[in-house]
Amino acid sequence: MHIPDGYLSPQTCAVMYVVAAPLWARAVAVMRKTFTQKTIPVLAMLAAFSFLIMMFNVPIPGGTTAHAVGGTLIAIILGPWAALIGESLALIIQALFFGDGGITAIGANCFNMGFVLPFVGFFIYRFITRGSAFGSRRRWIGAAVGGYIGINVAAVVAAIEFGIQPSLFHTASGAPLYCPYDLSQAIPAMLLAHLTVAGPIEAAITGGVVAYLGKHHPEILKLNPHERRESDEV
Amino acid sequence: MKYKKALIGLIALVVLCPLGLLASGTAWGEWGLDEMLDILGYVPQGLSKLANINHIAFLPDYSLPAFGESLGGQAAGYYISAIVGIIIITALAFGIGRIIARK
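Line by line, the protein sequences are chains A and B.
Just so we're aligned: the first sequence equals residues 0 to 233 in numbering that gives the first Met the number 0.
Just so we're aligned: the second sequence equals residues 0 to 102 in numbering that gives the first Met the number 0.
Here you go:
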């Protein structure tokens, strides 16, 4: 899902930077209120975890590959805004030093995998688990479902960015200038990879880690400012 | 140490990371120019102009070009990439955390 340089037009890239910038600013503002010294190493480990699991490419039928992301897990543990910062860190480093994802596409990739993925995943998790005990079955099921849907929605959003290119940016004769595949090709291709393979892996990782933490280290799940707020009310 | 188990988990992932090399092929929409030429028969003009603008990626595709294309060379590049990536990300996370965390 790491859009490389050249697949999105410069105009699209600029728009995505403009979309991402206020989200980054909001994330920093929210974290200034909620982030504490003791959550710093947790964010560092989760960002490193996400970076690492993105290295585990898995084969997709048809000869391509995909990977899990881990953004919903960061959102469940530290909140979705911290997930945006943690994912953005991993994605920016991947783009700059490993050429994984384009430099021009950092705005787009951070929006897709750093914003859409953890926010969708987290709000589904919240919807399913609200009021349930940390060690309960509802927690890990909610985490798994959130992880699965989050990565698939992010994949569709990336596919839309790919797929609008040929109709918006082409030569006078109609030849595509950037991504040559339109929506009818990009959306099924991205969904195939993420519904069948990357999504189940994301679900297993998110659900598995939350099941483990819920049983053995519920204090980690309480780091999330949303959980803290809720326990204050009680 | 407080996060011993989490750190052991991360180290285990580093040890296992070359498994990620076993899947051959490229993710959809992430093809290089050569692959694009194979698949499509041509390379879109704008794409070919922008594709190689990153000149600072010193571990391109998580590899060290000097190590070559053998599986061993790729695995070594993957290990170095994993470790370098973790060091940079951890340093930045602590740096950002220090600046924005509540005192």
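By construction, the Cβ of each residue, glycine as well, lies at the ideal position given by its N, Cα and C atoms.
Remember, it's a predicted structure, so these values are computed and weren't measured experimentally.
For valine 57 of chain A, the first and last residue of its enclosing beta strand (DSSP E): That run of the beta strand (DSSP E) goes 57 to 59.
Cutoff 7 Å: glutamate 68 of chain B Cβ touching any chain A Cβ: no
Within chain A, partners of glutamate 29 of chain B - CB distance below 7 Å: His1 and Pro3
Three-state class that DSSP yields for threonine 195 of chain A in the structure shown: helix
Cutoff 7 Å: glutamine 73 of chain B Cβ touching any chain A Cβ: Taking CB atoms only, glutamine 73 of chain B has no neighbour in chain A less than 7 Å away.
Contact set between the segment 5 to 20 of chain A and chain B, restricted to residues whose Cβ is under 8 Å from the partner: Correct list: Gly5, Tyr6, Ser8 and Pro9.
Assigned exposure category for histidine 54 of chain B - 16 Cβ within 10 Å defines buried: Histidine 54 of chain B should be labelled exposed.
Backbone secondary structure at isoleucine 82 of chain B - three-state DSSP: helix
Secondary structure of proline 175 of chain A, DSSP reduced to three states: strand
Local Cβ density within 10 Å of leucine 15 of chain B, reported as buried at 16 or more and exposed below that: exposed
First through last residue of the alpha helix (DSSP H) which encompasses alanine 43 of chain A: 39 to 52
Any C-beta of chain B under 7 Å from that of asparagine 111 of chain A: no
Proximal residues, the segment 42 to 76 of chain A versus chain B, C-beta separation under 8 Å: When CB distances to chain B are screened at a threshold of 8 Å, the residues of the segment 42 to 76 of chain A falling below it are Leu42, Ala43, Met44, Ala46, Ala47, Phe48, Phe50, Leu51, Ile52, Met54, Phe55, Asn56, Val57, Pro58, Ile59, Gly62, Thr63, Thr64, Ala65 and His66, in chain order.
Coarse secondary structure for threonine 35 of chain A, derived from DSSP in three states: Of the three classes helix, strand and coil, the one that applies to threonine 35 of chain A here is strand, per DSSP.
Alpha carbon of alanine 154 of chain A to alpha carbon of lysine 32 of chain A, nearest angstrom: 31 Å
Reduced DSSP category for alanine 65 of chain A - H, G, I as helix; E, B as strand; rest coil: strand
Separation of tryptophan 139 of chain A from isoleucine 7 of chain B, as counted between CA atoms: 22 Å
Option nearest isoleucine 87 of chain B by Cα separation, candidates A:Trp80, A:Leu95, A:Ala81 and A:Leu83: Ranking A:Trp80, A:Leu95, A:Ala81 and A:Leu83 by Cα distance to isoleucine 87 of chain B puts A:Leu95 first.
The alpha helix (DSSP H) enclosing leucine 90 of chain A, as first and last residue numbers: For leucine 90 of chain A, the uninterrupted alpha helix (DSSP H) segment begins and ends at 79 to 97.
Glycine 100 of chain A and glutamine 93 of chain A closer than 7 Å at C-beta: Taking 7 Å as the Cβ cut-off, glycine 100 of chain A and glutamine 93 of chain A qualify as a contacting pair.
Residues near phenylalanine 110 of chain A by beta carbon distance below 8 Å, same chain, minus five either side: Met15, Val18, Ala19, Leu22 and Val156
Residue(s) in a DSSP beta bridge with histidine 54 of chain B: Its beta-bridge partners do not exist; DSSP assigns none.
Which of helix, strand or coil DSSP assigns to arginine 129 of chain A: In this structure, arginine 129 of chain A counts as coil in the three-state DSSP scheme.
Interface residues of chain B facing phenylalanine 168 of chain A [CB-CB closer than 8 Å]: Gly45
Same chain, Cβ closer than 8 Å to tryptophan 30 of chain B, five either side skipped, listed in chain order: Ile38
Min CB distance glutamate 232 of chain A to chain B below 7 Å: Unreliable positioning characterises glutamate 232 of chain A in this predicted model, as indicated by a pLDDT of 44, which lies under 50. A coordinate reading is not provided.
Per-residue DSSP class, three states only, for histidine 216 of chain A: coil
Cα-Cα separation between glutamate 232 of chain A and serine 49 of chain A, rounded to whole angstroms: Annotation note: pLDDT 44 at glutamate 232 of chain A (below 50); position unreliable, coordinate value reported separately. Straight-line Cα distance between these residues: approximately 32 Å.
Cβ neighbours of leucine 90 of chain A in the same chain (closer than 8 Å, five flanking residues each side left out): His1, Gly100, Ile105, Asn108, Cys109, Met112 and Gly113
Beta carbon proximity, glutamine 36 of chain A to chain B, threshold 7 Å: yes
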